[in-house]
Amino acid sequence: MALATREVIGILTDNLRLRGSVLPVPARRATRWAREFGLPRGGERVLYTGTMYHIVPYTERLVRLQQRLGSSRLAGLVPLARRLNRLVNGMPLVARPTSEERSEYERVPANVAQLLLRAGVEFGYLYEDDLYTGVLAYDLGAEDVVAAHAKRIAGIFYKYGVREVITIDPHTTTMLRSVFPRFVEGYDVSVRSYLEVLAERGLPVEAPLAGDVVVHDSCVYARYEDVIEPPRQLLAAAGLQVHEPANSRTMTWCCGGPAEALYPEKAAAVAAQRVGQLREAANGVQSECVTMCPICLVNLRKAADGTMAFRDISEYLLEAAKARS
Amino acid sequence: MTTLVGPELAGELRRLGTFDAEVCMNCGICTATCPLGIDVLPRQVMRFGLLGLDDEVRRHEETVFSCLLCRACEASCPAGVHITGNIRVLRRWLLEKEAV
Numbered sequence: 044m045a046l047a048t049r050e051v052i053g054i055l056t057d058n059l060r061l062r063g064s065v066l067p068v069p070a071r072r073a074t075r076w077a078r079e080f081g082l083p084r085g086g087e088r089v090l091y092t093g094t095m096y097h098i099v100p101y102t103e104r105l106v107r108l109q110q111r112l113g114s115s116r117l118a119g120l121v122p123l124a125r126r127l128n129r130l131v132n133g134m135p136l137v138a139r140p141t142s143e144e145r146s147e148y149e150r151v152p153a154n155v156a157q158l159l160l161r162a163g164v165e166f167g168y169l170y171e172d173d174l175y176t177g178v179l180a181y182d183l184g185a186e187d188v189v190a191a192h193a194k195r196i197a198g199i200f201y202k203y204g205v206r207e208v209i210t211i212d213p214h215t216t217t218m219l220r221s222v223f224p225r226f227v228e229g230y231d232v233s234v235r236s237y238l239e240v241l242a243e244r245g246l247p248v249e250a251p252l253a254g255d256v257v258v259h260d261s262c263v264y265a266r267y268e269d270v271i272e273p274p275r276q277l278l279a280a281a282g283l284q285v286h287e288p289a290n291s292r293t294m295t296w297c298c299g300g301p302a303e304a305l306y307p308e309k310a311a312a313v314a315a316q317r318v319g320q321l322r323e324a325a326n327g328v329q330s331e332c333v334t335m336c337p338i339c340l341v342n343l344r345k346a347a348d349g350t351m352a353f354r355d356i357s358e359y360l361l362e363a364a365k366a367r368s
Numbered sequence: 004m005t006t007l008v009g010p011e012l013a014g015e016l017r018r019l020g021t022f023d024a025e026v027c028m029n030c031g032i033c034t035a036t037c038p039l040g041i042d043v044l045p046r047q048v049m050r051f052g053l054l055g056l057d058d059e060v061r062r063h064e065e066t067v068f069s070c071l072l073c074r075a076c077e078a079s080c081p082a083g084v085h086i087t088g089n090i091r092v093l094r095r096w097l098l099e100k101e102a103v
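Protein chains in written order, with our numbering: chain U, 44 to 368; chain F, 4 to 103.
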């Protein structure tokens, strides 16, 4: 196995095993968004972020570092870095996104909380026990570490009496809904994306939007979890004209993100192809692209390099749900 | 050079998870729909596993780990092969062999 592949996977799984996340984000930072809402701790129904949106700016910093190291002599130090990282969390030293880089991602959980509250959904939050689900380690094949981590999270759900989880991103959704039942005996937690919950409740619209958007389906929502109609229903309810790219719904085209941790160049090539399809769907109309996954958002935006605007779906929905002052 | 094939690897893979590569009909639609344009066809990599070609699986480690797991191939597969599930099993096997 190539050294880089082996060591990168090793560092990520070490982190999950030792620190509860492949990229440990300080709990204070990951839970800061919840302060303004005074959400109860735990409860039968909780909003669960899995810190996915918070992790992405850190991942980006690491990918940039990886690309800079490339095949330079410094890359040979990665095995040593892995050994040191076992003793001391090295992430804060090598991945330090700026507050500007973090702010858009950190805003999403707050957007979702506001949307749910406006729709009359009551829920709690697990604060520092809202842990990353281990999806990247799972995707890389480190199932044993993930199985142990799944049991830990299931234990947290049982401790707080959680029966129903509302998620905010596709990867956390599929882990909690479709993967954890394989790892945890007697796992009995209902898991739904906030998009499904809001589509069922109806989006509370105070200030309808006008304009055109191109929708980019997440592979995981569309092909793993069958979450295809809810985002379209919600965007239409918000007042937006939705355009479909060449590959859409169950045949959506990947953003390339899942390859980024090991093969950033391949990820960029796939993202560039997708941006081409999205631009074509815009068909000269002044339109932005809506994403519903933090990995899609960061990869497509990077590939578009300013030629097309990308925003998370929660931003549009909240804008429509809030009365304009 | 003689290449020996054997069932041992397929057995090891099945121990790690559901590995249903034998259902594949080799039609190639997985290749046609792959956004990554994987250089070795998904069906070929899976076949290495079935035939017990350990070294070939190892040699194509980059293919196995660069798969996006996006399931575009599965959405079109007429035989309903769990292609990404098979890729996950191959990843597990490679990690296990390397004691990562």
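All C-beta atoms in this analysis are idealised placements derived from N, C-alpha and C, irrespective of residue type, glycine included.
All figures in this text were calculated on a predicted structure; none of them were measured in a lab.
Inclusion of U:C297 and U:L343 in the CB contact set at 8 Å is not warranted, their separation being larger than that value. Counting C-beta atoms within 10 angstroms of its own C-beta, U:P213 has 16 or more neighbours from the protein chains shown and is therefore classed as buried. Taking C-beta atoms as the reference points, U:V256 and U:S146 fail to come closer than 8 Å. It is roughly 46 Å from the alpha-carbon of U:V285 to the alpha-carbon of F:A13. Close CB contacts of U:R150 within its chain, under the 6 Å cut and outside five residues either way in sequence, are absent. Secondary structure of U:I356 (DSSP, three-state): helix.
Those residues of the region 196–224 of chain U placed with their C-beta closer than 7 Å to a C-beta in chain F do not exist. Remark: C-beta atoms of F:M28 and F:A82 approach each other more closely than 8 Å. U:G300 sits buried, since 16 or more C-beta atoms from the chains shown fall within 10 Å of its C-beta. Look at F:C73: its C-beta is under 8 Å from a C-beta on chain U. The beta-carbon separation of U:F223 and U:A197, rounded to 7 Å, stays under the 8 Å limit for a contact. Sequence-distant partners of U:V333 (beyond 5 residues in either direction) whose C-beta falls short of 6 Å from its own C-beta, in its chain, are V256, V258, I356. Under DSSP, U:R84 takes part in a beta bridge, and its partners are U:Y168. Counting only runs that start and end inside the region 266–312 of chain U, the beta strand (DSSP E) elements of at least 3 residues fall at 284–286. Shown here, U:I209 sits in a strand according to DSSP, grouped into three states. For U:M351, there are no neighbours in chain F by C-beta distance under 9 Å, as the nearest C-beta there is about 18 Å away.
No Cβ-Cβ contact shorter than 8 Å links U:M218 with F:A78.
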